[in-house]
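**Student:** All residue numbers in the sequence shown are consecutive under our numbering, ending with 200. Would you mind keeping the following structure in view while I ask a few things?
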Amino acid sequence: MSQPTPTTARERATLIKKQQEEALARLPLNALFIVLWIRSDPPRQDDFHWGYYFHTSAMGGTKYHVKNLGRGWIPDHGPTGGVFKSNFLCALVQVAIVPGTVCGQLDQIMRSHDSDVNSIPGVTCRVWLMKILEKLIQQGIFRCSNVDALLQECMTIGNQYSASAAINQQPRPVVRSRLCL
């Protein structure tokens with residue numbers, strides 16, 4: 020049975036909040052996601068802000084990303100229960116299930132460039148993400164035989180869902196990578 024269409028702004032907000040909470044609770048525990056956010060409205064093809072989200076409980080997890088402050092990039096990591104509430108969220112791409120025994124190691128790797136992020140040649144959020152991805156692969160936490168194909172898969176997913184992100188259609192999509200799981 021479908022729910023009645025909300026008519027007031029408050030009803031719409033309540034419905035969106037419920038959808039976001041349900042989507043969060045459905046995520047698999049210890050799942051690692053590449054997160055894409057659109058950068059503009061209207062969205063431009065292949066133009067995303069990139070980060071990671073590591074889901075550790077039904078209530079949330081940790082967001083890992085770097086952001087540009089004009090003259091450089093800074094890490095912006097921390098716990099969140101609101102990955103689905105992020106402004107301009109486009110999609111979450113599930114790329115791994117992390118064994119519980121290496122969760123601490125994953126966190127260390129995610130933070131491994133916090134003090135020298137601006138010394139990464141050509142650093143952008145995507146370059147940082149790929150640098151971290153290389154380390155996750157080297158440590159056996161993440162399995163992917165073709166990183167370039169993964170990047171293209173994420174771009175394709177982002178492009179597919181960018182228009183719905185611009186109009187804030189909820190809940191935002193969660194897509195499993197065909198290359199990494």
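Glycine included, C-beta positions come from ideal geometry on N, C-alpha and C.
Are Cys163 and Leu198 close, meaning C-beta to C-beta below 8 Å?
**Tutor:** In the sequence shown, the residue the question calls residue 163 occupies position 144. In the sequence shown, the residue the question calls residue 198 occupies position 179. Result yes, Cβ atoms of Cys163 and Leu198 sit closer than 8 Å.
**Student:** For the putative contact between Asp66 and Ser59, defined by C-beta atoms under 8 Å, what is the C-beta separation to the nearest angstrom?
**Tutor:** Locating residue 66 in the sequence shown gives position 47, where the first residue counts as 1. Locating residue 59 in the sequence shown gives position 40, where the first residue counts as 1. At roughly 7 Å, the Cβ-Cβ gap stays under 8 Å, so Asp66 and Ser59 are in contact.
**Student:** Less than 8 Å between the C-beta atoms of Cys173 and Val112, yes or no?
**Tutor:** Taking the sequence shown and counting its residues from 1, the one referred to as residue 173 is at position 154. Taking the sequence shown and counting its residues from 1, the one referred to as residue 112 is at position 93. Yes.
**Student:** Taking 7 Å as the cut-off, is the CB of Ala42 close to at least one heavy atom of the ligand ADP?
**Tutor:** Ligands displayed in this structure: none; no statement on the ligand ADP is therefore possible.
**Student:** How long is the line joining the alpha carbons of Ile57 and Ala182, rounded to whole angstroms?
**Tutor:** Here residue 57 corresponds to residue number 38 of the sequence shown, with the count starting at 1. Here residue 182 corresponds to residue number 163 of the sequence shown, with the count starting at 1. Spanning the two alpha carbons is a distance of roughly 9 Å.
**Student:** Taking Phe73 as the reference, which of Ala28, Leu51, Pro118 has the closest Cα?
**Tutor:** Residue mapping note: residue 73 aligns to position 54 of the sequence shown, counting from 1. When each option's Cα is compared against that of Phe73, the closest is Leu51.
**Student:** Could you tell me whether the Cβ atoms of Arg130 and His96 are closer together than 8 Å?
**Tutor:** For this step, residue 130 is matched to residue 111 along the sequence shown. For this step, residue 96 is matched to residue 77 along the sequence shown. Yes, they are a contact pair.
**Student:** Does Ala44 pass the burial test, meaning 16 or more other C-beta atoms within 10 Å, or should it be called exposed?
**Tutor:** On the sequence shown, residue 44 is found 25 positions in, with the first residue counted as 1. Exposed, since its Cβ has fewer than 16 Cβ neighbours within 10 Å.
**Student:** Starting from Leu111, follow its DSSP beta bridges and name the residues at the other end.
**Tutor:** Here residue 111 corresponds to residue number 92 of the sequence shown, with the count starting at 1. Beta-bridge pairing links Leu111 to Val54, Val193.
**Student:** Going along the chain, which unbroken runs of the beta strand (DSSP E) with 3 or more residues stay wholly within the stretch 94-142?
**Tutor:** You should have 97-99, 108-116.
**Student:** Is DSSP giving Asn178 helix, strand or coil here?
**Tutor:** Your numbering for residue 178 matches position 159 in the sequence shown. Here Asn178 sits in helix by DSSP.
**Student:** Compute the Euclidean distance between the alpha carbons of Ser76 and Lys154, then round it to the nearest angstrom.
**Tutor:** Numbered from 1 along the sequence shown, position 57 holds the residue referred to as residue 76. Numbered from 1 along the sequence shown, position 135 holds the residue referred to as residue 154. Cα to Cα, Ser76 sits roughly 24 Å from Lys154.
**Student:** In this structure, does DSSP put Thr81 in helix, strand or coil?
**Tutor:** The residue you call residue 81 lines up with position 62 of the sequence shown. Strand.
**Student:** Looking at the strands, I want to know which residues DSSP matches up with Gly70.
**Tutor:** For the purposes of this step, residue 70 is identified with residue 51 of the sequence shown, where counting begins at 1. DSSP, once it has assigned bridges, lists Val54 as partnering Gly70.
**Student:** Does DSSP classify Thr33 as helix, strand or coil?
**Tutor:** Here residue 33 refers to the residue found at position 14 when the sequence shown is read from its first residue. Correct three-state label for Thr33: helix.
**Student:** Tell me the DSSP secondary structure of Ser76 in three-state form.
**Tutor:** Taking the first residue of the sequence shown as 1, we reach residue 76 at position 57. Ser76 falls in the strand class under three-state DSSP.
**Student:** What is the rounded straight-line gap between the Cα of Pro98 and the Cα of Thr81?
**Tutor:** Against the sequence shown, residue 98 aligns to sequence position 79. Against the sequence shown, residue 81 aligns to sequence position 62. Cα to Cα, Pro98 sits roughly 4 Å from Thr81.
**Student:** Measure the beta-carbon distance from Pro94 to Val102 and round it to whole angstroms, keeping in mind my assumption that it falls under 8 Å.
**Tutor:** Along the sequence shown, one-based indexing puts residue 94 at 75. Along the sequence shown, one-based indexing puts residue 102 at 83. That pair is no contact at about 17 Å.
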